[in-house]
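The numbering of the sequence shown is this note's numbering, which starts it at 15 and goes up by one. Glycine residues also receive a C-beta, built at the ideal position from the N, C-alpha and C atoms. Here's the structure, in structure tokens; my notes come after.
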Amino acid sequence: MRTICVINHKGGVGKTTTAVNLAAGLSRRDKNVLLIDLDPQNNVGVSLKVQAEYSAYDALIGKVPLDKCIVNLAKNLDIVTSRENLTKAEFYLSTQPNARMLLKTLLQGIKGYDYLIIDCPPSLGVLNQNVMAFCQEAIIPVSTDYLGMDALHKMKRVVEEINRTFSHNLKISKVVPTLYDKRSKIAQESLQEMHKFFPGIVSAPIRSNSKLKEAPKYGKSIFSFARSSPGAEDYQKLVLEVAEMGQKIVEEAVC
Ligand SMILES: Nc1ncnc2c1ncn2[C@@H]1O[C@H](COP(=O)(O)OP(=O)(O)OP(=O)(O)O)[C@@H](O)[C@H]1O
Ligand SMILES: [Mg+2]
């Protein structure tokens with residue numbers, strides 16, 4: 015199972031949009047996907063109109079096992095939603111001497127999926143630190159502007175620090191340029207800078223596209239909402255890139 019956190023401490027850069035559409039796209043390619051929302055804003059649940067009796071917080075504090083929180087949304091696609099009370103998780107985890115083990119034990123119990131994708135909140139708090147200390151891969155959506163680049167450089171340092179602190183090997187597997195407008199000079203410059211500093215791992219850019227904004231209103235991924243939109247085209251490319259990397263990982267393991 016590939017464990018992927020979709021993460022950036024900067025807000026509004028397309029984390030949830032990426033997590034939702036990546037999960038939906040991979041599930042349409044016959045991969046079994048569990049998408050977990052760890053953001054108290056519950057944007058995954060809202061975007062996909064998922065109602066659940068229990069949320070990630072209930073599992074985190076040990077109220078119910080994680081499988082009680084899992085809701086099946088579509089063929090090959092399961093969801094764990096979040097709730098505002100997840101803000102308390104930061105405090106709860108910070109009071110636990112074994113916070114890392116707590117999250118690890120919880121997530122390690124997940125079986126039977128090809129992909130575990132976690133939508134993270136815009137923070138560098140204890141919850142996100144522990145998510146990073148668990149996952150194998152980080153996918154970082156980055157807005158194609160000056161502040162977006164600044165956040166990306168910071169995220170790289172944070173990942174290095176997490177790996178040092180926890181003797182872990184979290185890899186930035188994809189940098190995803192978002193909200194891209196090719197007519198904008200700063201967007202073009204940002205894209206060039208991403209390729210310069212992160213060679214080989216920058217995905218094709220996700221263009222600014224109003225259909226991506228509208229899809230959550232209808233509780234749909236971009237693939238079922240507007241199949242032939244630029245947003246669907248761009249996310250389909252990302253899905254293929256991520257799936258191909260998975261193939262390489264499998265081949266390397268076999269060789
Ligand atoms: N490529 C895009 N084109 C147009 N709108 C987009 C695009 N990507 C995301 N959006 C919109 O931008 C807003 C923020 O996106 P999203 O919620 O995915 O960001 P986020 O990083 O998850 O935010 P937060 O940090 O609050 O969790 C949403 O309204 C979303 O619909
Ligand atoms: Mg979000």
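Go ahead and pull the three-state DSSP assignment for residue i.
i: Ser204; result: helix
i: Glu67; result: coil
i: Lys225; result: helix
i: Asp81; result: helix
i: Pro191; result: strand
i: Lys24; result: coil
i: Lys196; result: coil
i: Ala152; result: strand
i: Leu161; result: helix
i: Lys102; result: helix
i: Tyr129; result: strand
i: Lys89; result: coil
i: Asp72; result: helix
i: Asp44; result: coil
i: Ile18; result: strand
i: Asp248; result: helix
i: Leu166; result: helix
i: Ile186; result: strand
Whole-angstrom Cβ separation of residue i and residue j, contact assumed at under 8 Å?
i: Pro54; j: Arg97; result: 7 Å
i: Cys19; j: Ile93; result: Not a contact, Cβ separation roughly 16 Å.
i: Asn22; j: Ala165; result: 6 Å
i: Gln150; j: Lys185; result: 7 Å
i: Pro191; j: Val216; result: 7 Å
i: Ala201; j: Asp248; result: Their Cβ separation, rounded to whole angstroms, is 14 Å, which puts Ala201 and Asp248 out of contact at 8 Å.
i: Arg42; j: Phe237; result: 6 Å
Flag residue i as yes when its Cβ comes closer than 7 Å to any non-hydrogen atom of ligand 1, and as no otherwise.
i: Gln55; result: yes
i: Lys227; result: yes
i: Ile220; result: yes
i: Pro79; result: no
i: Val27; result: yes
i: Leu193; result: yes
i: Pro213; result: no
i: Gly245; result: yes
i: Asn223; result: yes
i: Pro136; result: yes
Less than 7 Å separating the Cβ of residue i from some heavy atom of ligand 2?
i: Thr30; result: yes
i: Asp44; result: no
i: Asp133; result: yes
I'd like to know whether the C-beta of residue i is nearer than 8 Å to at least one C-beta of chain C.
i: Met208; result: You won't find chain C in this structure, because it holds only one protein chain.
What do you get for residue i, buried or exposed, if any count of 16 or more other CB atoms within 10 angstroms of its CB means buried?
i: Gly59; result: buried
i: Val78; result: exposed
i: Tyr194; result: buried
i: Asn86; result: exposed
i: Asn90; result: buried
i: Arg221; result: buried
i: Asn142; result: buried
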